[in-house]
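Chains A and B supply the protein sequences, listed in that same order. Going by the working numbering, the first sequence runs without a break in its numbering and finishes at 959. Going by the working numbering, the second sequence runs without a break in its numbering and finishes at 472. I have placed the structure first, in the form of structure tokens, so that the comments after it can refer back to it.
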Amino acid sequence: MKATRTTRHSLHGLDPALDRRAALKLFMTGVAATLASCGRPPEEVVPYVQMPERETPGLPLLFASALPLAGYGRGVIVTSVEGRPIKIEGNPRHPASLGSTDVYGEATVLSLYDPDRSKAPYSDNRTQSWSAFEAALRPRLDRHRAKQGEGLAVLTGRITSPSMLAQFESLKRSMPQMKRYRYEPIDDDAIRNGTKLAFGRLATALPRFTDARIVLTLDADPIGAGPEQIRYARQIADARRAQVPTNSLRLYSAEPDWSLTGALADHRVALRPELIRNLAIEVARGLGAPLEQATLPDEIRRFAAAATADIQARRGAALVMAGPRQPAEVHALCHWIDAQLQAPVDFIASVDPDAKSHNESLRTFVSDVRGGHVETLIILDANPLYNAPGSLGVGEAIRAVPFRAHFGGFRDETARHCTWHLPLTHALEHWSDIRAFDGTASIIQPLILPLYDSRDPHQILAMLEAEARSPTLDIIRNQWKSAVSEKGLADWWRQTLHDGVVANSAFEKISLPTAGLPSLAPVTAAEGFTLALASDPAVFDGGMANNAWLQECPKPFTSQVWGNALHVAESDARALGVRDGDVLQLRHGEATLEMPALISKGQAAGVLSTTLGYGRTDAGTIGTGIGVDVYPWRNADSPWLIDHVTITRAGHRAELLQTQHFFDLEGEAEQLQPRLTLADLVGGKFQVERPGGNPPTLYPPSHDDTYKWAMSIDASACIGCNACVVACQAENNIPVVGPDEIAMGRDMHWMRIDHYVVDARPGFSPTPCMHCEHAPCEPVCPVAASIHDSEGLNVQVYNRCVGTRFCESNCPYKVRRFNFAGYADGQEYGNLGEDIAKAVFNPNVSVRGRGVMEKCTYCVQRISVARRAAEREGRVIREGEVVTACQAACPTQAIHFGDMSDPHSRINALRADPRSYSLLGELGTRPRTTYLARLQNPNPDYGKART
Amino acid sequence: MTMALTIPAERTAGPERWTLPEARSLEAVNAIVAAPLLERSSWSWRAWWIGLCVSLAATMAFLVTVFLVFDRGIGIWGVNSTVVWGFAIADYVWWIGIGNAGTLISSMLLLMRQSWRASTNRFAEAMTLFAATIAGIFPIVHLGRPIYFYWLTPYPNTMHLWPQWRSALIWDFWAILSYILFSILFWYVGLIPDFATMRDRAQTRAPAIFYGALALGWCGSSRQWHVYEKLHLALACLGVPLVVSLHSVVGMDFAASLMPGWQETIFPPYFVVGAMYSGFAMVLCLAALVRWGFRMQGLITTAHFDVMAKVMLAASIIMGLSYATEWFNAWYGGQHADRSLVAFEFAGHYAPMFWALLLCNVVIPQAFWSSAIRSNVIAVFVISVIINIGMWLERILIIWNTLSHDYLPSAWRMFLPTVWDWLLTFGSLGLFALMFLLFVRIIPVVSMHEVRKLVAEGQSP
């Protein structure tokens, strides 16, 4: 004791005679102090010194903007979290969105954070600076300007931006000889030429499906992928919702291969594309057109008779439309028919002011280059070296131009063959404006500063004009200054940005002369096979091929991912002895092409079909080398249909990647996806069978004193567009797995679209987790990672899950998804593990690691947001306050989510609907997700009318 | 006593039937069993060394696979989003089934006074222990996050989280654990008198100490024998219900579900019989190898093969009946999913394997009706191997068929095994062989004291 006291004393006095124990004590104190002290952070972190305006950590900000698709805008509302845009939702005020989205809109955020995006100017095989480019460009521009712009050419896609068009106008004024070409691969040349033919002027037809009761589509797909998809799908779904046979829209569809419209139609026939003309003639003859009778198969004749009788009976509410693959004469004939029917169609001036057709414009470009008229070529956000028709020789033409600068988001095929490549900003990074297909203008707001050293198109055009560089925002604001008085501009601007649409900017209806009857002679079926092309439901024109969400988005009808295939009619496949996955060699003249076959039941015999947008050679890590490129086969005269194709078997096979495999079923499809007709439903003759109802149970009833969440999905309204699938992926941080994992049978989508064929008619059922009240996944989990919460959600506790996978084994719906690898967590596909790609994650949803089961949560994070808001205000969550990601995305509003505990809620009404049924309800799982049976409205007199 | 009167003389247990003349003295029994372990100079271990090298290589493959599974995740296997279970679960069920026979032979036959069990029960028990141990590895390796396997145990924790007792996997966890513990105990208790024999016969000091320590001071006093017999019998009484419950629980891993082809009340007894079937087949394979390797023709006779082949014949008929019951009930129950599954079994993607399974498990074993084949060791060996292959096919098909073809056709997917699936399966065979080879090198492969008892019964008037 004494010794210790002495030591302490001597320590205080810093006695130099430090004994061993004291030294040790000091040493240990030092060690303890070091251990307890704060460490340096592993990397430099910078806190906010001043909080950005309006930013509250943890709360998202919403901004209205617009996104382009093929040059047309779709209004969106972008969710931004701490400066990062992470989710796209529709803008209800915008006529091309109506509050919903499509797959391309949903996937845009991933493209923003694509690690392959072009980051700096590039020339001579090395990274350059913008000033180097300007130094190279300026003398050339001066020379061109001296010659009134001769030798300068700009090649773009479709441009509807009023500001950009104004900039072009001003460029034209200072350099009248400057050339502008525009080419959009998913062209509408035939449609536009059809109005020229019928009315003598360019116009755009806008059908009003809500006012239509009978619609006949001739190889047209108004609800298929494209800028009009959301609006037309909503209109058609709304028009079909009325459960009165005479008041509900009846859809007739004739088409060579399957389209979403054909799948939805009440009567659908498969017909070779060239014979669609004969069908149109037949319908026109029924309306009194003095045209020569066409030869048609009996089945088609019956179809034509029924459709003609129907449209005649519903004059004023009947509509006939042709698709982009049909020649202009057929479109003109449709306009004539519509005129006879007083069809609900409005006409507006063309939103795309370029009078030339896309292919004509490109052809002029090639001849101008050959004539030596182009010395400086500016390619602005276009990729003609990939997507120009092979027949034009655009590649050689571009390479023949001495100075060619490519502005684009990626160093793509065209960039590789240009002397300069300059990075362009993403649509979420710059100010701009854009018009929808009906002319409605929107202001594009930047959500984030440009991630890289890139510039926006307005800046590029300003650079060409050699203006004093004004900020893009000023360019846009100046453009719209004329719309309002100087004084009201600030308010107008604020309101317009808030609304996401420029008020009253939709094009005015125009009155056109009566459509003339085109002279149209019937044709006979072409010899051999016809290859029918279409835009791709996943990657559209290929521009977004490097987007992994789109690549892994299962195509309707085939569930194919990561590639395209040659769809062969079943009868042709049988005749040729072709099975799924056999590689076929196509020959057309000198050109050959190899593609794997995919048998398509219900495709017209003699028709081969496939989609554009694949076979990119320079798309990036994700998109390069996926699928087969058919653009080189396109012909500028007939870009969508290629006649006289012969096929032979190449003798080898290729793996087709599909997320749903198709089997011959024995009646399961009718059980799982019941269909009924409107007449039966109204007559009360039919109610969806619920085998056994809910079987008895020994388990106590679930909690009754709080919310009871439930979802209802209208299989009638589902068009199979996949917007919900990609929306779920974006909202819930669902990783892609990549083609190799798909080949192993793995996928991660929480929401999938099941596809069944009943009586040769396909139908779609979106399948999320059923949130069973008696969930089979729960009792089998040994660690209680799969449990029920008090509000009826079947929840998965990720950090408790040990990965026995018994839950998925025991799930009758197979909606659970297991992380076989660290798809989001160290074993990402391609380059999506790079830091920038992680910026897309939703901070409100955990990123799941390897070895953990996951599944649909009914967007529990959104319920949580609503609950917090309600609790703050001391009320219950209101009807419609929680909107799940899939529900928000759905263009046809097929998905409804709500609280069953509120007796007046819409979800209860939907669950009480006679069409309501539970999937596999006979198992006693008591799903909270229920369906409304698919409803069809066939013509009761079909086939009875005289032919 | 009355029992003995009703049983014909040649049917009674006796040394004449179960041993050859050269093994009918107490010393001869000891010599045959102990010599290979103690008299090293007089015994060649060449075949053993070859076997050891092969099994070591296979064990390495197993370890590499397990390492890769831990490192890269179970995605290296062929499991997919729909067929989330694969080889690991099939291997587990197969191994645990094999682990059935040792306990059955030791306990059930002991209680039924089938004294012929004496010359086979030791290595059968060892087989049980090793098979159950290997079986216990698979459910852990198969987990998505194997480091957290202990969450299946009710250990105290700050979160107050307990396992979910309704899950068949928890029942399974306890069943395997208790079965392994029981197997170790039962095996060791049976070994104590033999360790003492080895200790007494050891000619050098090292084995004397080694076996002496293991013998726990056994000196063979009548009091010790009295206690021993009671304990052994009591353990046997525990063992029989345990082995039945274990395999019932394994059956309930599937039966306590909602899936067509799994949710069947026949599963628990069907799994017990299936386990006995594959276990006996494995015992017969090992008996043939032990008999050949240790020249124990005197102790393990064709009569043993004959009687065990009869057990398997009975089991094969029960298996056939079980399969037929499943098919009948699928039809009779009228559920579309069940009927569709049976049709898929016979004609679907895995149909060739299903037909092979019927051939292996039901058709070929009917050869055992012939007594000539029953007493032909090579024939019995070959058929036993076939039965084990058939039983493995049965286990993998229970998983594949149901998961590949359940309620929603949109989710139907097939399973394509990868090289790692196969390495895991064959590697586990190597690990088993390794453990068994080490066992025969160290521990008396036949229970000397029980065979001595059998021989002595014949000698006493």
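Cβ coordinates follow ideal geometry from the N, Cα and C atoms, glycine included. Small disclaimer: the values here were computed from a predicted structure and weren't measured.
Counting only Cβ-Cβ distances below 8 Å, Asp759(A) has contacts in chain B at Ser92, in chain order. Look at the beta carbons and you see the stretch 529 to 537 of chain A touching the stretch 286 to 297 of chain A: at least three pairs across the two are nearer than 8 Å.
Around the beta-carbon of Cys248(B), fewer than 16 other beta-carbon atoms lie within 10 Å, marking it exposed. Closest option to Phe221(B), judged by alpha-carbon separation, among Ile454(B), Glu468(B), His460(B) and Ala467(B): Ile454(B). Taking 7 Å as the CB threshold, Lys867(A) stays off the interface with chain B. Between the alpha carbons of His360(B) and Phe674(A) lies a distance of about 13 Å.
In this structure, the straight-line span from the alpha carbon of Phe141(B) to that of Phe357(B) is close to 35 Å. Residues of chain A with a Cβ closer than 7 Å to the Cβ of Gly110(B) do not exist, since the nearest Cβ in that chain sits about 21 Å away. Within the stretch 60 to 91 of chain B, contact with chain A at the beta-carbon level (separation under 9 Å) is assigned to Arg83, Gly84, Ile85, Gly86, Ile87, Trp88, Gly89, Val90 and Asn91.
When only Cα atoms are considered, Val857(A) and Cys740(A) end up about 12 Å apart.
Neighbourhood of Pro420(B) in chain A, by CB distance below 8 Å: Phe675, Leu677, Glu680, Ala681, Leu684 and Tyr768, in chain order.
In the three-state reduction of the DSSP assignment, Glu866(A) falls in the strand class.
Excluding residues up to 5 positions away in sequence, Pro204 and Ala207 lie with their Cβ nearer than 8 Å to the Cβ of Gly231(B) in the same chain. A Cβ-Cβ contact shorter than 7 Å links Arg210(B) with Ala219(B).
Ile311(B) sits close to Ser130(B), with the two beta carbons spaced by under 7 Å.
Classified as buried, Asp183(B) has 16 or more neighbouring CB atoms from the shown chains inside 10 Å of its CB.
Residue burial annotation: His153(B) is buried, with at least 16 other C-beta atoms found within 10 angstroms of its C-beta. Of the residues Ala334(A), Ala351(A), His347(A) and Val342(A), the one whose Cα lies closest to the Cα of Arg327(A) is Ala351(A). A residue is called buried once 16 or more other Cβ atoms fall within 10 Å of its Cβ, and Arg887(A), having fewer, is exposed. Judged by DSSP secondary structure, Thr258(A) falls outside any alpha helix (DSSP H); it is assigned neither H nor E.
Cβ-Cβ separation between His416(B) and Phe355(B): approximately 4 Å, consistent with a contact (criterion under 8 Å).
Ser135(A) has its alpha-carbon roughly 22 Å from the corresponding atom of Arg155(A). CA-to-CA, the gap between Thr388(A) and Ile410(A) works out to about 10 Å. Residues of chain A whose Cβ lies closer than 9 Å to the Cβ of Ser256(B) do not exist; the shortest such Cβ separation is about 18 Å. Contact residues of the stretch 170 to 196 of chain A toward chain B are absent (C-beta to C-beta distance below 8 Å). Val770(A) sits in a strand when the DSSP states are folded into three classes. The straight-line gap separating the alpha-carbon atoms of Ala755(A) and Val748(A) is approximately 13 Å. Contact of Trp162(B) with chain A by beta-carbon distance below 7 Å involves Val795 and Val814. Shown here, Gln839(A) sits in coil according to DSSP, grouped into three states, outside any helix or strand.
Counting only runs of 3 or more residues that sit fully inside the stretch 52 to 106 of chain A, the beta strand (DSSP E) segments are 73 to 81, 84 to 93 and 96 to 102, in chain order. A Cβ-Cβ contact shorter than 7 Å links Ile100(A) with Val90(A). Contacts between Gln175(B) and chain A, judged by CB atoms closer than 7 Å, involve Cys793, Pro794, Val795 and Ala796 in chain order.
Within the same chain, and ignoring the five residues on either side of Val809(A) in sequence, the residues whose Cβ sits closer than 6 Å to its Cβ are Ala797. By the neighbour-count definition (other C-beta atoms within 10 Å, threshold 16), Pro133(A) is a buried residue.
Rounded to the nearest angstrom, the Cβ distance from Pro525(A) to Phe211(A) is 6 Å, consistent with a contact under 8 Å. Contact of Gly750(A) with chain B is not assigned, every C-beta pair being separated by 7 Å or more.
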